[in-house]
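Novice:
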Amino acid sequence: MTASPASSRRTELRPTTADRIRQIAVTVSEIACLLGTLVGIGVFGTRVAESSGGSLAADATLLAPAGTAFSIWSVIYLGLFAYTVWQWLPSRATDPRARATGWLAAASMLLNAGWLLVTQQGWIWTSVGIIVALVLVLGLLVVRLTELPGRRGPLDLLVVDGTFGLYLGWVSVATAANVAAAFVDSDVPQEGRGAEWIGVAVVLGLAAVVAAVQRRVGGRWAVAAASAWGLSWIAVGRATDEPRSVLLAWGAAAAAVLVVLATASLRRRAGVRDGAGRNGAAQNGADQH
Numbered sequence: 433m434t435a436s437p438a439s440s441r442r443t444e445l446r447p448t449t450a451d452r453i454r455q456i457a458v459t460v461s462e463i464a465c466l467l468g469t470l471v472g473i474g475v476f477g478t479r480v481a482e483s484s485g486g487s488l489a490a491d492a493t494l495l496a497p498a499g500t501a502f503s504i505w506s507v508i509y510l511g512l513f514a515y516t517v518w519q520w521l522p523s524r525a526t527d528p529r530a531r532a533t534g535w536l537a538a539a540s541m542l543l544n545a546g547w548l549l550v551t552q553q554g555w556i557w558t559s560v561g562i563i564v565a566l567v568l569v570l571g572l573l574v575v576r577l578t579e580l581p582g583r584r585g586p587l588d589l590l591v592v593d594g595t596f597g598l599y600l601g602w603v604s605v606a607t608a609a610n611v612a613a614a615f616v617d618s619d620v621p622q623e624g625r626g627a628e629w630i631g632v633a634v635v636l637g638l639a640a641v642v643a644a645v646q647r648r649v650g651g652r653w654a655v656a657a658a659s660a661w662g663l664s665w666i667a668v669g670r671a672t673d674e675p676r677s678v679l680l681a682w683g684a685a686a687a688a689v690l691v692v693l694a695t696a697s698l699r700r701r702a703g704v705r706d707g708a709g710r711n712g713a714a715q716n717g718a719d720q721h
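Counting with my numbering, you get residues 433 to 721 for the letters of the sequence shown.
#1: What's the gap between the Cα of Thr533 and the Cα of Ala696?
#2: Between which two residues does the alpha helix (DSSP H) containing Asp451 stretch?
#3: Do the segment 643-661 and the segment 535-544 make contact, defined as three or more Cβ pairs closer than 8 Å?
#4: Going by DSSP in three states, Trp555 sits in which element: helix, strand or coil?
#5: Nearest-angstrom Cα distance between Trp682 and Trp555?
#6: Tell whether a beta-carbon distance below 7 Å holds between Asp491 and Asp673.
#7: One question on the structure: do Ala552 and Thr478 come within less than 7 Å of each other, judged by their Cβ atoms?
#8: Quick test of the definition: if touching needs 3 or more C-beta pairs under 8 Å, does the segment 442-459 touch the segment 510-519?
#9: Tell me which same chain residues have a C-beta within less than 6 Å of the C-beta of Val390, skipping the five on either side of it?
#10: Got a sec, what are the start and stop residues for the alpha helix (DSSP H) Phe421 sits in?
#11: Closer than 7 Å by C-beta to Arg676: which residues in its own chain qualify, once you throw out the five before and the five after it? Chain order, please.
#12: Under a Cβ-count criterion, where at least 16 other Cβ atoms within 10 Å of its own Cβ denotes burial, should Ser506 be classed as buried or exposed?
#13: To which residues of the same chain is Ser483 closer than 6 Å at the C-beta, ignoring the five residues directly before and after it?
#14: Take Ile473 as the anchor and find which of Arg701, Gly624, Ala687 and Leu548 has the nearest alpha-carbon.
#15: Beta carbon of Ala525, beta carbon of Asp451: below 7 Å?
#16: What residue from Val635, Phe615 and Val603 has the CA that sits closest to Trp557's CA?
#17: Whole angstroms are fine: how far does the CA of Leu679 sit from the CA of Val429?
#18: What does the alpha-carbon distance come out to for the pair Gly585 and Val592?
#19: Distance, Cα to Cα, Asp617 vs Ser659?
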């Protein structure tokens, strides 16, 4: 006896064992991320700014964002919690986007927690390896969101695209700051005009990398907003706190503007192409009639 198409569709939409395992893995990873965060803010351990011998403090390096910049973590952590709840919704258990991103989301949370734990131990170069892995995982996740749009209602755009766009944009800037902290911790000097020019080259290079990523993922405003936020606070830090550098402050501010302009340009061109495609299709339909 052959199953009807309707019953086949219902079977396909039923969560599989793999779906349930993925949902549980994301939830466990979210709990680990939360515990790591409590360590990072000093509830169970030393605050990040005071760990690793102070190498990660807002005034430790030329590429360290001012302290206020780190408030973006509150938004990202709230988004990760919302994502964990979202992927348990009955309508999302078998959602292609949940299936494509769940394990990567879990990995990002575990890497986040791992980074916080190793900085407690002062393993600054190990933290560099972890944050590089984190930014690569997030990049792959956002690429998957681009390649598999799926449903894109307000909830999905906010909880999924918004959360991981902000996460990727911010961690991109944080990676540069982390590398700078590791070099300073290894007694690499950061005094003098030469070091300032290297800093300028790094922030402008970072803007170019973010622009290249934006080209790959369709010019996402969440990525641009978080990257520009981080770069802007590097500018504020160098203009108002030690180590001071007016040159680097202007360079970081310019990099933030370049990220926003590149994203706007990519979105405008994508809109023009989409419009041209729709107009072409309409014209072809008219010609056929």
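Yeah, the Cβ is synthetic: ideal placement off N, Cα and C, and Gly gets one too.
Specialist: So, from the listed chains and residues:
#1: 26 Å
#2: Looking at the DSSP string, the run of the alpha helix (DSSP H) that includes Asp451 is Thr449 to Gly472.
#3: no
#4: Coil.
#5: If I take the Cα positions, the gap works out to 32 Å.
#6: yes
#7: Note that residue 552 is Gln in the sequence shown here, rather than Ala. Closer than 7 Å, so yes.
#8: yes
#9: The structure shown does not extend to residue 390, since the chain is modelled only from 433 through 721, so no value can be given for it.
#10: There is simply no residue 421 to check, as the chain begins at 433 and stops at 721 in what is shown.
#11: Spatial neighbours of Arg676 in its own chain (CB-CB distance under 7 Å, excluding positions within 5 residues in sequence) are listed in chain order as Arg670.
#12: By the 10 Å Cβ count, Ser506 comes out exposed.
#13: Counting only residues of its own chain and dropping the five nearest sequence neighbours on each side, Ser483 has a CB closer than 6 Å to the CB of Thr551 and Gln552.
#14: Leu548
#15: Taking 7 Å as the Cβ cut-off, Ala525 and Asp451 qualify as a contacting pair.
#16: Of the candidates Val635, Phe615 and Val603, the one whose C-alpha sits nearest the C-alpha of Trp557 is Phe615.
#17: Absent from the model: residue 429. The displayed extent of the chain is 433 to 721, so no value can be given.
#18: Using only the alpha carbons, I get a separation of about 10 Å.
#19: 25 Å
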